[in-house]
Every structure is written in C-alpha cells, then in structure tokens.
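The structure appears right after this line, and notes come after that.
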Amino acid sequence: MTGPLRIERRLNTPGWLKFAVPIASLFLAAIITGILLLATGHNPFSTYHQMYSAAVTSDGALSATFVYATPMLFTGLCAAFAFRMRTYNIGGEGQLYMGAVGASATGLVLGDWPRPLLIIAMVLGGALAGMVWAAIPALLRAYLRTNEILTSLMLNYVAGFFMYYLIYDSDSYWRDLSTPGASVFPTGKTLVPAASWPGITIGTFVLPMGFVLGVGLAVSLLFLIRSTRYGFEMRVVGDSPQAANYSGIRTKRKIVSVMAISGGIAGIAGSSQIGDFGHVLDPRGLQQAQYGYTGIVVAALALYNPLAVVIVSLFIGGLTNAGFALEGPSFPTGLVGTMEGIILFTVLGGEILARYRIGLRHRAVASTPVSAVTATKAAS
Amino acid sequence: MNSNVVLAVLVSAISFGTPLVVAGLGELLTERSGVLNLGVEGMMLMGAVTAFCVSQKMHGPAGLILLLAVLASLVAGGAMALIHAFLTITIRVNQIVSGLAITIFAGIIGLSSYLGQVWNIGGVAGRHQFNSIDLLGWKNVPILGPLLFNQDAFVYASWVLVVAVMYYLYRTRPGLYLRAVGENPAAADAMGINVTAYRYIHTLIGGAFAGLAGAYFTLALAPIWTDGLTAGMGWIAIALVIFAFWRPDLLVLGAYLFGVFSALGPTLQTRNITVLPSEFYSALPFLMTVIALAAASTSWANRRIGTPASLGIPYTREEG
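Protein sequences, first through last, are from chains C and H. Start counting the first sequence at 326; every next residue gets the next number (the working numbering). Start counting the second sequence at 11; every next residue gets the next number (the working numbering).
Take a look at the structure:
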C-alpha cells in the first residue's frame with residue numbers, strides 16, 4: 326500500500342484497548358450524529374436526552390424497549406451465527422416473515438391444543454418455516470456455490486410479497502373473512518387467547534417470553550460455537566475452507582446446516598412477533614419494522630458474539646423505541662437508521678484500529694510507530 | 011397477448027432497465043478493481059433524494075436544473091462511496107459488512123429518509139423531469155421508433171455511458187491497469203500501478219453511477235420522492251454484474267431483460283390484464299434473479315466466469 330498511513334497487525338491486543346475502543350467508537354458516533362443534528366437545526370443534547378427518557382426512564386419505556394429488542398435479539402443471533410462461518414445470511418428479514426406465516430398457521434390450526442403444547446408448536450412452526458426458507462440459498466450456496474448474500478436477500482422481497490398476497494390479495498387461510506368489513510380492510514385472523522405467549526410481569530415492567538427464549542438460545546449458541554465439535558468445524562470452515570476440506574470436514578453439509586439453524590432462529594423471531602405481540606399476521610407492520618436488516622446491525626456491533634448480541638439488541642431496541650416514540654417533525658424516522666449506520670462505521674473502524682497499529686508513513690525504515698490512540702484521534 | 015402489449019412492455023422495459031444499466035456499470039467498474047460494494051441500494055436512494063431536492067428547490071431553466079440535479083446525485087453517491095472506500099481500502103473493514111452498513115445508513119429508514127423529511131420534499135409531484143425526445147425524427151418508425159428513438163435524454167446518455175465504459179475497460183491503458191489491479195494487485199503494484207488509488211477512484215465512480223441511477227427514478231421514472239423508492243433495484247444491479255460475468259455487453263442485455271420482468275406487472279395492470287396476482291409480478295424480478303444467479307454458478311457457466319481474482323480481498327504490501 327502506498328498511502329500516507331501505515332497499518333501493521335498487532336501481535337497482541339492490550340486488554341484495556343478491547344474496552345476503550347468500543348466506548349471511544351460510540352462516543353465518536355454520538356459526536357458525528359450531533360453534528361448532523363446541528364446541521365439540520367436540532368439541538369443534539371436535548372435530542373439525546375429525549376431519546377434516553379423515551380427508551381429507558383419514562384412510563385412503560387423500558388417495556389417498550391424490550392418489545393423492539395426481542396425480535397432484534399433473534400435476528401441478531403441469526404446473522405451472528407451464520408456470519409461466524411462467513412456464510413452471509415442476509416435473509417433474516419424474509420425468514421422472519423415466513424416464520425410469522427408458519428407460526429400463525431400453527432396457532433390457528435392447533436387452537437384447541439393445551440396452552441403449553443400450543444406455544445411450543447408455534448415456536449417450532451415458525452422455526453421450521455424459517456429453516457425451509459433459508460434452505461433455498463443454503464443449498465444453492467453449498468452445491469452450486471451461488472452467492473448466498475444476493476439469493477438470501479432476493480428471497481426477502483419474495484417472502485414480503487407472499488405475505489401481502491396471503492392477507493391482501495387472496496382468500497387464504499390466514500385472512501379474516503368472517504365479517505363484511507374484513508373484505509374492505511383486509512386483516513389476518515386473530516389467534517385464540519391461549520396462543521398468546523405469557524410474559525413475566527414485574528410491577529409495570531413486562532419481560533416478553535420471547536426475550537427469555539432468545540437469551541437461552543444465545544447461551545446455547547455460545548456453547549455450540551465454543552465447546553463442541555460442531556462449533557470447532559464451523560470456525561475452521563469460516564477461517565479456511567481449504568483446510569476444512571483437507572481435514573475431512575463435510576463443508577457442504579456444514580453450510581446447509583448452519584444456514585438452516587440461522588434461518589430457524591429468524592423464524593422464531595416471526596413466531597415471537599405472532600405469539601408475544603401481534604397475535605395476527607400483519608404484513609405491513611412486519612415489513613415496516615425491518616427487524617431482519619436491523620439484526621445484521623446488531624450482529625456486527627456484537628462482533629458476532631451471541632452473548633454480546635443480547636446486550637446490543639437492547640441498545641438498538643432502545644434506539645428504535647425512542648425513534649418511534651419521538652417520531653415527528655423534530656425527530657424524523659430516518660434518524661434511527663442513520664444513527665445505526667454511523668455507530669456501525671465507528672465501531673467497525675474502531676475494531677480494526679484495535680487489532681492494527683496505525684501510524685504515519687515515514688521515509689526511514691526504522692521509524693518508531695505512533696501509538697494507536699494518537700492515530701485514532703488523527704484518523705477521526 | 012397481442013403485439014401492442016408486447017411493444018408496451020418492451021418500451022417500458024427500457025425505462026426500468028436504465029437504472030440497472032447505470033448502477034450495474036458502476037458496480038462492474040468497482041468490482042473490477044477488486045472492491046465489492048453492497049451499498050448500491052443506499053447510494054441509489056441518496057442520489058434519488060438529492061436529485062429530487064435540487065429539482066424541487068432550484069429556480070431557473072429546466073435543462074439547467076436537471077443538469078444540476080444529476081450532478082448532485084453523482085456527488086451524493088460518490089460521498090457514500092468515499093465512506094465505503096475509506097473503511098474497506100484504507101482500514102480494511104470487511105467489504106461485505108461495510109457495504110451492508112452503507113445500505114442501512116443511507117437506506118429506507120436511514121439518511122435518505124431523514125433528508126427527505128428535513129428537506130420536506132416527500133409526496134409531492136416533481137416540478138421537472140426528463141421528457142422523451144424524438145431522436146432524428148424517427149419516433150414513428152414501426153417497433154424500433156418507440157423503442158430506440160423516443161426515449162429521454164437520460165436513456166440516450168446511458169447508451170453513451172455503456173460505449174464509454176467498454177472503450178475504457180478494453181481499449182485504454184488505465185482500463186488495462188484496472189483489470190490488472192482486480193486480478194492480481196501484487197503484480198500490478200510491482201508494475202508501478204498505484205493499487206490504492208485505482209481502488210479508491212473506481213469505488214467512487216461506482217458510487218457516483220449508483221447515485222445517478224437513483225436520480226433516474228426521481229427525475230424520469232416516477233418523479234416523486236417516497237422512502238425506499240428504488241425497492242431493491244440496487245441489489246438486482248449487483249446480481250447483474252455476477253451473471254453478466256463482469257462483462258459490460260452482457261450486463262446491458264441482462265439489465266433490459268430484468269427491465270422486462272419489472273415492466274410486466276405495471277404494464278399489464280394499466281391494461282387490466284390480470285392472469286396472475288399482482289404480487290407475483292412484483293416478486294418476479296427477485297425470483298428471476300435467484301434463478302439467474304443459480305444458473306450462472308452451474309459448472310457449465312463457471313468455465314467462462316470472469317470473477318476478478320482479488321474481489322473482496324484487501325491489498326497490503328506489508329502482509330503480502
């Protein structure tokens with residue numbers, strides 16, 4: 326490289342840097358967003374303060390934050406798990422839609438089952454639908470080496486139109502046709518009360534069942550990746566597909582199974598949308614929420630660590646909650662995605678800075694490298 | 011289907027295909043330098059919103075305003091590409107993740123939507139747009155007239171762009187160097203080619219083209235601003251580059267083929283021809299993309315594949 330900057334890999338990253346860099350990255354993101362807010366005529370301090378109270382301190386704010394965090398926890402795990410093996414499943418969005426379709430069908434068909442069984446069936450119904458939808462790009466990737474990024478993404482749009490067709494443009498099983506009004510304003514059939522998942526209520530705060538399930542899933546995934554043969558093989562395939570082939574790992578099967586698990590997790594996000602919150606298949610609401618795409622943000626910020634996904638999903642959930650609560654002329658909707666993007670840029674950049682030593686290029690060969698901290702300031 | 015409908019679909023396919031041609035050419039140049047840009051969708055939206063803002067807010071002769079709007083879209087797309095270039099080329103962030111970050115940052119719930127709201131340009135009809143020009147007075151020539159000689163200036167410009175990109179890539183020294191950088195950056199570096207500069211420049215050009223493609227939506231195709239109006243066309247443009255085997259000539263063919271898929275639904279709908287549900291026609295371009303990508307990755311097609319060998323891999327002299 327012939328640029329003015331010189332970048333070398335660090336042999337070992339100092340411990341303090343692992344904590345200092347993400348914090349500095351978030352701080353930098355807040356400054357950049359603040360500049361954007363100032364440039365468009367808003368006061369950044371009062372905006373941040375409003376956001377904090379809308380996400381955390383005001384009445385019912387924390388419960389609402391968990392409502393947004395729950396689907397993001399699942400879609401974040403979906404992306405984190407697949408990205409860990411460098412299979413880029415961008416299809417969490419569509420797999421969530423299909424999960425919602427699957428879970429609402431299960432809930433409607435098995436409405437007279439005992440409640441615990443019904444809820445388990447809904448979780449599995451959503452997971453299965455998500456898995457099947459993810460299997461399409463997975464099989465294409467494994468056996469034809471078709472780029473899974475683009476195929477999984479295209480299927481998001483297809484799943485979206487399929488959901489619309491079910492509710493708005495056909496007399497499908499999912500659509501409510503019982504009242505004459507329902508043909509003018511198409512809606513989905515509402516599930517029986519037994520199909521709504523029980524939340525854990527602590528005072529005024531409600532912890533959705535889906536979130537608890539997601540935390541359990543995160544712990545299991547961490548165990549799977551860190552401590553099992555399956556996880557070890559995953560990491561080998563991700564880091565060096567060639568080494569994996571030579572060592573006899575069945576790479577193709579691995580790709581299919583990892584993508585399917587990833588899709589299944591996104592499918593459960595759909596189940597939770599039906600069971601925890603909506604109780605009805607609502608294509609428009611699911612599509613506007615963009616939980617699948619936000620899951621990629623969550624996974625990337627968590628550096629693909631399942632436990633970190635739990636924390637980050639709450640952070641981004643809070644941001645989204647604040648965005649919707651404050652939505653209006655002083656807080657345009659687009660600000661949420663803009664902030665997510667800026668945080669991603671600074672955190673992704675910061676993560677590299679922590680792993681590399683960056684200095685100015687000197688003519689002399691034996692120059693002393695400038696420490697990474699000063700370089701961070703210089704680069705920003 | 012009678013021949014009238016077929017012609018209407020084809021004419022409309024040229025319109026729907028034009029942003030794919032422009033964004034696809036940009037992505038092709040970027041990928042030929044070894045950089046994968048998955049931010050095209052976001053860059054297109056940024057181009058669309060800035061072009062529309064200029065065309066709504068500026069006063070003066072229509073031609074001048076349209077020109078300025080087009081320039082603004084180039085700058086907006088290029089600015090997004092600069093972020094991607096800095097992150098991926100200079101500090102070597104994973105190109106896939108950085109591209110996705112750009113699309114989220116600039117996309118349907120991001121900066122393009124924010125600016126649309128701040129500038130207050132949503133939901134109103136455009137004041138200026140590209141109108142069709144009767145080229146050479148051949149508008150009424152059967153079939154070819156409406157297809158080739160009655161398009162707007164933007165479409166004609168896109169054809170010039172195709173020829174220019176092909177000439178650049180295959181007939182000029184920088185074009186040769188560009189291909190060398192994409193195939194083997196170390197060898198190119200040894201030859202004295204500035205790999206970093208080539209990658210930066212072609213990432214910026216790719217972003218500017220994506221912005222330009224976005225401008226076509228708000229200045230010609232549907233002169234109105236709504237959040238996320240490109241509706242996945244940026245992603246199809248990226249896919250096009252792959253199944254056109256990184257060749258501009260095949261890319262143009264593919265773009266118009268996908269123009270046909272996109273045009274089918276709206277054209278049949280305006281003529282009240284309903285054979286299949288409208289959702290099927292809307293999903294058609296995306297389904298066909300999956301099929302085309304799968305077909306392009308079969309072993310038959312792989313024999314003549316042209317993936318730039320260094321695509322997605324950052325280059326550093328130090329680590330070899």
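Here a beta-carbon is modelled for each residue, glycine too, at the ideal position from N, C-alpha and C.
field: Sheet register partners of C:THR553 (DSSP bridge)
entry: What you label residue 553 of chain C is simply residue 228 of the first sequence in a count that begins at 1. According to DSSP, C:THR553 bridges with nothing at all.
field: The beta strand (DSSP E) enclosing C:LEU532, as first and last residue numbers
entry: The residue labelled residue 532 of chain C in the question sits at position 207 within the first sequence. Its beta strand (DSSP E) spans residues 530-532.
query: Roughly how many angstroms separate the alpha carbons of H:LEU81 and H:ALA58, rounded to a whole number?
result: On the second sequence, residue 81 of chain H is found 71 positions in, with the first residue counted as 1. On the second sequence, residue 58 of chain H is found 48 positions in, with the first residue counted as 1. C-alpha separation (whole angstroms): 11 Å.
Residue span of the alpha helix (DSSP H) that contains H:ILE246, given as start and end: Here residue 246 of chain H corresponds to residue number 236 of the second sequence, with the count starting at 1. Element bounds for H:ILE246: 243-253.
query: Whose Cβ in chain C lies nearer than 7 Å to the Cβ of H:TYR178?
result: Translated into positions along the second sequence, residue 178 of chain H becomes position 168. Those within 7 Å of H:TYR178 in chain C number zero; the least Cβ separation is about 23 Å.
query: From C:VAL623 to H:LEU55, what distance separates their C-alpha atoms?
result: As a first step, residue 623 of chain C is located in the first sequence; it is residue number 298 there, counting from the start. As a first step, residue 55 of chain H is located in the second sequence; it is residue number 45 there, counting from the start. Those two C-alpha atoms are separated by around 23 Å.
- request: Determine contact between the stretch 68-75 of chain H and the stretch 250-266 of chain H, defined as no fewer than three beta-carbon pairs at a distance below 8 Å.
  value: no
field: 7 Å Cβ cut-off: residues of chain A touching H:ILE215
entry: Of the protein chains in this structure, namely C and H, none is chain A.
- request: Reducing DSSP to helix, strand and coil, say where H:GLY88 ends up.
  value: Reading the second sequence from its first residue, position 78 is the one you call residue 88 of chain H. Correct three-state label for H:GLY88: helix.
field: Same chain, Cβ closer than 7 Å to H:ILE93, neighbours up to 5 away in sequence not counted
entry: Translated into positions along the second sequence, residue 93 of chain H becomes position 83. Hits under 7 Å: ILE112.
field: CB contact flag (C:LEU549, C:TYR555, <8 Å)
entry: Taking the first sequence and counting its residues from 1, the one referred to as residue 549 of chain C is at position 224. Taking the first sequence and counting its residues from 1, the one referred to as residue 555 of chain C is at position 230. Yes, the Cβ-Cβ distance between C:LEU549 and C:TYR555 is below 8 Å.
task: May I ask you to list, following chain order, the residues of the stretch 587-621 of chain C that have a beta carbon less than 9 Å from some beta carbon of chain H?
output: GLN613, GLN615, TYR618, THR619, ILE621
Opposing strand residues paired with H:SER142 [DSSP bridges]: Walking along the second sequence from the start, residue 142 of chain H turns up at place 132. Its beta-bridge partners are H:ASP162.
task: Evaluate C:THR619 with the Cβ neighbour count: other Cβ atoms within 10 Å of its Cβ, from every protein chain shown; 16 or more gives buried, anything less gives exposed.
output: Residue 619 of chain C sits at position 294 when you count from the first residue of the first sequence. Classification for C:THR619: buried.
task: Can you give me, in chain order, the residues of the stretch 237-264 of chain H that have a beta carbon less than 7 Å from any beta carbon in chain C?
output: GLY242, TRP245, ILE248, ALA249, ILE252
task: Run the CB neighbour count on H:ARG183, radius 10 Å, all protein chains shown included, and call it buried at 16 or more, exposed below.
output: As a first step, residue 183 of chain H is located in the second sequence; it is residue number 173 there, counting from the start. Label assigned to H:ARG183: exposed.
query: Skipping 5 residues on each side, what residues in its chain have a beta carbon closer than 7 Å to that of C:VAL661?
result: One-based indexing of the first sequence puts residue 661 of chain C at position 336. Counting only Cβ-Cβ distances below 7 Å, and skipping sequence neighbours, we find LEU644, THR645, GLY648.
- prompt: Fully enclosed by the stretch 331-413 of chain C, which alpha helix (DSSP H) runs are 4 residues long or longer?
  reply: 340-364, 369-377, 386-409
query: Out of C:ALA364, C:LEU491, C:GLN375, C:TRP438, which has the shortest C-alpha to C-alpha gap to C:PRO518?
result: Within the first sequence, residue 518 of chain C is the residue found at index 193, counting from 1. That would be C:TRP438, whose Cα lies nearest to the Cα of C:PRO518.
- prompt: Does the stretch 34-44 of chain H come close enough to the stretch 286-300 of chain H that 3 or more CB-CB pairs lie under 8 Å?
  reply: no
field: Per-residue DSSP class, three states only, for H:TYR291
entry: The residue given as residue 291 of chain H occupies position 281 in the second sequence. Correct three-state label for H:TYR291: helix.
- prompt: Apart from the five residues on each side of it in sequence, which residues of its chain come closer than 8 Å, Cβ to Cβ, to H:ILE114?
  reply: Position 104 of the second sequence, counted from the first residue, corresponds to residue 114 of chain H. Correct list, in chain order: GLY52, GLY120.
query: What are the residues that DSSP puts in a beta bridge with C:GLY513?
result: Within the first sequence, numbered from 1, the residue matching residue 513 of chain C stands at position 188. Paired residue(s): C:ARG500.
message: Against chain H, does C:TYR273 count as a neighbour if the rule is that its beta carbon must be under 8 Å from one of theirs?
response: For chain C, the structure presents residues 326 to 705; residue 273 of chain C sits outside this window and is missing.
message: Run through chain H and tell me which residues come within less than 9 Å of C:PRO511, C-beta to C-beta.
response: Numbered from 1 along the first sequence, position 186 holds the residue referred to as residue 511 of chain C. Within chain H, no residue comes near C:PRO511; the closest Cβ sits about 13 Å away, beyond 9 Å.
- request: Give the range of the alpha helix (DSSP H) segment to which C:ILE525 is assigned.
  value: Position 200 of the first sequence, counted from the start, is the residue given in the question as residue 525 of chain C. Not the alpha helix (DSSP H): C:ILE525 falls in the beta strand (DSSP E), residues 525-527.
task: Go ahead and pull the three-state DSSP assignment for C:GLY653.
output: Position 328 of the first sequence, counted from the start, is the residue given in the question as residue 653 of chain C. In the structure shown, C:GLY653 sits in a strand (DSSP, three-state: E or B).
- request: Determine contact between the stretch 444-461 of chain C and the stretch 382-391 of chain C, defined as no fewer than three beta-carbon pairs at a distance below 8 Å.
  value: no
Neighbourhood of C:LEU538 by C-beta, 8 Å cutoff - its chain only, sequence neighbours within 5 removed: In the first sequence, counting from the first residue as 1, residue 538 of chain C sits at position 213. Correct list, in chain order: VAL448, ILE593, SER597.
message: Does chain C have any CB closer than 8 Å to the CB of H:THR299?
response: Mapped onto the second sequence, residue 299 of chain H falls at position 289. H:THR299 counts as touching chain C.
- request: Give me whichever residues DSSP pairs with C:GLY603 in a beta bridge.
  value: Position 278 of the first sequence holds residue 603 of chain C. DSSP, once it has assigned bridges, lists no residue as partnering C:GLY603.
field: Top-ranked residue by Cα proximity to H:ILE203, from H:LEU214, H:THR213, H:ARG189, H:ALA265
entry: Here residue 203 of chain H refers to the residue found at position 193 of the second sequence. Considering only alpha carbons, the answer is H:ARG189.
- request: Determine the direct distance from the alpha carbon of C:PRO396 to that of H:GLY192, and round the result to whole angstroms.
  value: Position 182 of the second sequence, counted from the first residue, corresponds to residue 192 of chain H. Position 71 of the first sequence, counted from the first residue, corresponds to residue 396 of chain C. Approximately 40 Å, taken between the alpha carbons.
query: If we count the other Cβ atoms within 10 Å of its Cβ and call it buried at 16 or more, is H:ASN47 buried or exposed?
result: Looking up residue 47 of chain H in the second sequence gives position 37. Burial call: buried.
query: With distances taken between CB atoms, is the gap from H:PRO10 to H:TRP235 smaller than 8 Å?
result: Because chain H spans 11 through 330 in this model, residue 10 of chain H falls outside it and cannot be assessed.
- prompt: First and last residue of the alpha helix (DSSP H) that includes H:HIS212?
  reply: Numbered from 1 along the second sequence, position 202 holds the residue referred to as residue 212 of chain H. Counting along the chain, the alpha helix (DSSP H) containing H:HIS212 begins and ends at 205-226.
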